[in-house]
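Visitor: Take a look at the following structure, please.
Residue numbers (this note's numbering): 233 to 443.
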């Protein structure tokens, strides 16, 4: 679809003023973020490279347009971390994962470090969820912190033969209690390493490739 055939929406302040920008980031849901190249180039070598390439011109302005694959819900908090404005407060773990994944993709160090600290703040109450996110994003430190926390509170029933356990007792075993649905998104090796760590407490690489 050409840019003339979609309904454009503008982002919220401070990304809503085309006169205070020299490039437009257009998200997958067709929201235009008016930003300055110099700010994003300083924060991200990936953006710096993107801005050096030829780009289309925005309708009705002299500003160039860069189409990006992320949606506005993800890009808005990421840009706020880069800009000299109040940092966003992200309380939803799913959104946090998407924003952190994007920060890593664009190599935005200041955002990645801040978002990893936010991820670690979920460890106490949601260690399995944090472990799952960390494995998907190859975050070794966060995976280990989550595994350590889960080991403190995980079920302690003997499950040396988990398939012989009564179904009613499954969630009280280490394997059954450690599993959550989101772990469908990680490898069997990552799940195995978590349960082994809970059993014996041996330090290991949590997101290493399966061998």
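Every residue gets a Cβ at the ideal spot worked out from N, C-alpha and C, and that includes glycine. Please read these numbers as outputs of a predicted model, since none were measured by experiment.
Is it buried or exposed, residue 335, if we count other Cβ atoms within 10 angstroms and call 16 or more buried?
Guide: Flag for residue 335 reads buried.
Visitor: State the Cα-Cα distance for the pair residue 245 and residue 267, rounded to the nearest angstrom.
Guide: Distance between the alpha carbons of residue 245 and residue 267: 11 Å.
Visitor: What's the C-alpha gap between residue 301 and residue 330?
Guide: Taking the straight line joining both Cα atoms gives about 12 Å.
Visitor: Taking the C-alpha atoms as reference points, what is the distance between residue 377 and residue 371?
Guide: Their backbone Cα atoms lie some 10 Å apart in a straight line.
Visitor: Which word fits residue 357, buried or exposed, when buried means at least 16 other C-beta atoms lie within 10 angstroms of its C-beta?
Guide: Per the 10 Å Cβ criterion, exposed.
Visitor: Nearest CA to the CA of residue 429: which residue from 403, 363, 297?
Guide: Residue 429 has its Cα closest to that of 363, out of 403, 363, 297.
Visitor: Whose C-beta lies closer than 7 Å to the C-beta of residue 470 among residues of the same chain, with five residues either side of it excluded?
Guide: Since the first residue shown for the chain is 233 and the last is 443, residue 470 is missing from the structure and cannot be characterised.
Visitor: Which whole runs of the beta strand (DSSP E) in the segment 236-309 are 3 residues long or more, in chain order?
Guide: The segment 236-309 contains these whole beta strand (DSSP E) runs: 255-258, 263-267, 296-299.
Visitor: Hey, residue 354 and residue 325 are a contact pair by Cβ (cut 8 Å); roughly how many whole angstroms apart?
Guide: Right, the Cβ-Cβ distance comes to about 6 Å (below 8 Å), so this counts as a contact.
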